[in-house]
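Participant: Going by this note's numbering, the first residue of the sequence shown is number 97, and it counts up by one from there.
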Amino acid sequence: MFLFLLFWFFLMKFYDNSVVPTFLLFLFVGFASLNHLLLYGQTSEVPSPQVVFEEPLAGLDPSSPPRFIPGSGLFLGAITEKEMGIQTTTAIEKEIAPLYLGESQVYRSSWEKSSRYNGQEEGFAYSTSFIDGKDSEKLNVGQRVHVKVKRAGSETLSYEGKIFYIDKELIPIIGKAEIILQISDPSHTLQVGDWINFETSLGLVASWLTIPESAILDTASGCFCYVFLGKGHYQRKPIEVAFVSQGLGAIRKGLEKGAEVVTQGAKQLWLLELSLSQSGGPSTY
Numbered sequence: 097m098f099l100f101l102l103f104w105f106f107l108m109k110f111y112d113n114s115v116v117p118t119f120l121l122f123l124f125v126g127f128a129s130l131n132h133l134l135l136y137g138q139t140s141e142v143p144s145p146q147v148v149f150e151e152p153l154a155g156l157d158p159s160s161p162p163r164f165i166p167g168s169g170l171f172l173g174a175i176t177e178k179e180m181g182i183q184t185t186t187a188i189e190k191e192i193a194p195l196y197l198g199e200s201q202v203y204r205s206s207w208e209k210s211s212r213y214n215g216q217e218e219g220f221a222y223s224t225s226f227i228d229g230k231d232s233e234k235l236n237v238g239q240r241v242h243v244k245v246k247r248a249g250s251e252t253l254s255y256e257g258k259i260f261y262i263d264k265e266l267i268p269i270i271g272k273a274e275i276i277l278q279i280s281d282p283s284h285t286l287q288v289g290d291w292i293n294f295e296t297s298l299g300l301v302a303s304w305l306t307i308p309e310s311a312i313l314d315t316a317s318g319c320f321c322y323v324f325l326g327k328g329h330y331q332r333k334p335i336e337v338a339f340v341s342q343g344l345g346a347i348r349k350g351l352e353k354g355a356e357v358v359t360q361g362a363k364q365l366w367l368l369e370l371s372l373s374q375s376g377g378p379s380t381y
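1) Rounded to whole angstroms, what is the Cα-Cα separation between glutamine 287 and isoleucine 275?
2) Helix, strand or coil: which one does DSSP assign to leucine 370?
3) Shortest alpha-carbon distance to glutamate 352 belongs to which of Ile259, Ile279, Ser168 and Lys333?
4) Taking only runs of the alpha helix (DSSP H) that begin and end inside the region 208-257, which ones reach a length of at least 4 residues, in chain order?
5) Quick check: alanine 311 and alanine 362, are their CB atoms within less than 8 Å of each other?
6) Out of Gly229, Pro158, Ser210 and Cys321, state which residue places its alpha-carbon closest to the alpha-carbon of glutamate 179.
7) Excluding the 5 residues preceding and the 5 following alanine 346 in the sequence, name in chain order all residues of the same chain whose CB lies nearer than 8 Å to its CB.
8) With respect to the beta strand (DSSP E) encompassing glutamate 179, which residues constitute its N-terminal and C-terminal limits?
9) Got a sec? Which residues, its chain only, sit under 8 Å from glutamate 295 by beta carbon, not counting five neighbours each side?
10) Enumerated in chain order, which unbroken segments of the beta strand (DSSP E) with a length of 3 residues or greater are wholly contained in the region 326-368?
11) Would the beta-carbon of proline 206 fall within 8 Å of that of aspartate 281?
Structure representation (structure tokens):
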């Protein structure tokens, strides 16, 4: 608008036609310079490329090859899961106690007459063994024991009994205590000299977070288990196992109640993870 008024003023003042072309040229150059000054310092807006962050194997295809992502775990397609026969179960709390497993040798058969001297009775076989002194402190006279004896072939005989006597006099000398078992044997099948296997609770029953023993991987790097996180996602977790009893592992730390742990296929997952972590890429199973 300002330039238009200036132009009009000049025409009114200088009506000489010879001056007008020169003025128009001057006006054009001035307008171009002004436009350049207005645009100076401005940059054209060029959209920057957007970075797309892909979630780890979201919507994994059933036929996708196994993949391992450090810090996240293994990702398997449904076909691989089926081929590996993976099965899971839930970690639950249960009342259990550690078991003591030992061997003992029969020194008195059940057909022998009762003895008033030592209280040993007819109908019961008696066996002896030496156990660690510290373990003997956790056992009590009268405590129940389960006994098994292997016979010819694959036959195994089972018996019930109890701890009849604990002799701790040898602990200061050899660190061992003698334990005598009383075993119910009305059929007189146990003979003097037979070796038997027995198990009994070692300590008090308490509530523990438990998982099946088959879910525990005892490796040179420690104990682990695989947790199923859904949609083909498996993560290996370090755990601390207090003890294993009756096919169950008592977990001290490293796992939460309700976690889905792999009970079948855990070893295969471990081998697969080792293979993928060393190769650094996808693999076919």
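For glycine and all other residues, C-beta sits at the position ideal for the given N, C-alpha and C.
Facilitator: Put simply:
1) Straight-line Cα distance between these residues: approximately 19 Å.
2) Correct three-state label for leucine 370: helix.
3) The candidate whose alpha carbon is nearest that of glutamate 352 is Lys333.
4) The region 208-257 contains, as complete alpha helix (DSSP H) runs of 4+ residues, the segments 229-232 (chain order).
5) Result yes, Cβ atoms of alanine 311 and alanine 362 sit closer than 8 Å.
6) Per the Cα distances, Pro158.
7) If we look at alanine 346 and ignore the five residues flanking it on each side, its Cβ neighbours are Ile192, Pro194, Trp304, Leu305, Thr306, Val337, Ala338, Phe339 and Val340.
8) Counting along the chain, glutamate 179 falls outside any beta strand (DSSP E), though it belongs to the alpha helix (DSSP H) covering 174-180.
9) So the qualifying residues of the chain are Leu195, Tyr196, Leu197, Gly198, Val241 and His242.
10) Secondary structure in the region 326-368: the beta strand (DSSP E) runs of 3 residues or longer, each lying completely within the stretch, are 329-334, 336-341, 344-349 and 356-360 in chain order.
11) Per the sequence presented here, residue 206 reads as serine, with proline not at that position. Closer than 8 Å, so yes.
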